[in-house]
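Novice: Pasting in a structure now, in structure tokens, and then I'll have a few things to ask.
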Amino acid sequence: MSTVSNIASTAQTPTFGYGENTVRSIKKTLGSDDFMKLLAVQFQSQDPMKPMEDTAFIAQMAQFSALDQSSSMVKEMALLRADQQTLTASGMLGRNVTVEDADGLPVTGQVSAVESTADGPVLVIDGVRYPVSSVQRVEYTPPVYPSTTADLPPAA
């Protein structure tokens with residue numbers, strides 16, 4: 008017997024064979040490939056004397072197109088968010104920031120580098136990496152200009 012809790016959860020179908028009892032999980036959501044397969048099956052199994060109305064077909068194609076565009080937009084928004092986080096982190100280079108460490112204590116120091124990780128950009132302060140989300144305060148650090156040409160680094 009199959010059990011289905013609700014649309015958002017997985018359905019589990021027991022499969023029986025030579026004394027074994029296994030459970031197969033079914034995907035939670037339908038994707039664009041699933042939609043196209045359902046549409047193809049619908050065309051194959053429709054009554055030739057009563058074909059699908061043009062308006063119904065157009066409505067289904069419009070729904071599919073909207074679903075596809077929504078999926079693309081979600082992916083693009085995720086990329087935009089990652090780019091914005093990197094831009095925000097790079098704007099903190101050379102600034103004095105206060106971050107929260109793993110123990111919840113504030114740590115203040117100058118950002119010496121920004122590194123990209125799978126979880127997003129991290130700030131390097133005194134050799135320790137902190138996620139951008141741990142920033143509590145950013146202070147303006149005025150630039151220091153050399154007072155004489157003797158203070159300038161040698162030309163390359």
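For what it's worth, my numbering labels the leading residue of the sequence shown as 8, then goes sequentially. Idealized CB from N, CA, C, for every residue including glycine. Quantities reported herein were computed from a predicted structural model and do not represent experimental measurements.
1) To the nearest angstrom, how far is the alpha carbon of E122 from that of S140?
2) The alpha helix (DSSP H) spanning V81 covers which residue range?
3) Does Q143 come out as helix, strand or coil in the three-state DSSP assignment?
4) Taking 8 Å as the cut-off, does the region 142-151 touch the region 101-115 (at least 3 CB pairs, one atom from each stretch)?
5) By DSSP's criteria, V114 is part of a beta bridge. Which residues make up the other side?
6) Can you give me the Cβ contacts of F71 inside the same chain, cut-off strictly under 6 Å, excluding the 5 residues immediately before and after it?
7) May I ask you to list the residues that DSSP assigns as paired with A134?
8) Ignore the nearest five residues each way along the sequence and tell me which others in T95's own chain have a CB closer than 7 Å to its CB.
9) Can you pull the DSSP bridge partners for V129?
10) Let me check understanding here. Comparing Cα to Cα, which of D126, Y147, M80 and P160 lies closest to V118?
11) Do Q92 and P128 have their CB atoms nearer than 8 Å?
12) In three-state terms, what does DSSP make of Q53?
Specialist: So, from the data block:
1) CA-CA distance, E122 to S140, rounds to 14 Å.
2) D61 to S97 is the span of the alpha helix (DSSP H), which, as asked, contains V81.
3) Assigned with DSSP and collapsed to three states, Q143 falls in strand.
4) A contact exists between the region 101-115 and the region 142-151.
5) Beta-bridge pairing links V114 to V106.
6) For F71, where only same-chain residues beyond five positions count, the Cβ hits under 6 Å are F42.
7) Looking at the sequence itself, residue 134 is Gly, so the reference to Ala does not match. Answer is none; G134 lacks a bridge partner.
8) Apart from sequence neighbours up to five positions away, the residues of its chain that approach T95 with a beta-carbon distance below 7 Å are V139, ordered along the chain.
9) V129 pairs with E122 and P138.
10) The shortest C-alpha separation from V118 is found at Y147.
11) Yes, these two residues count as a Cβ contact at 8 Å.
12) Looking at Q53 - three-state DSSP - the assignment turns out to be coil, as it is neither helix nor strand.
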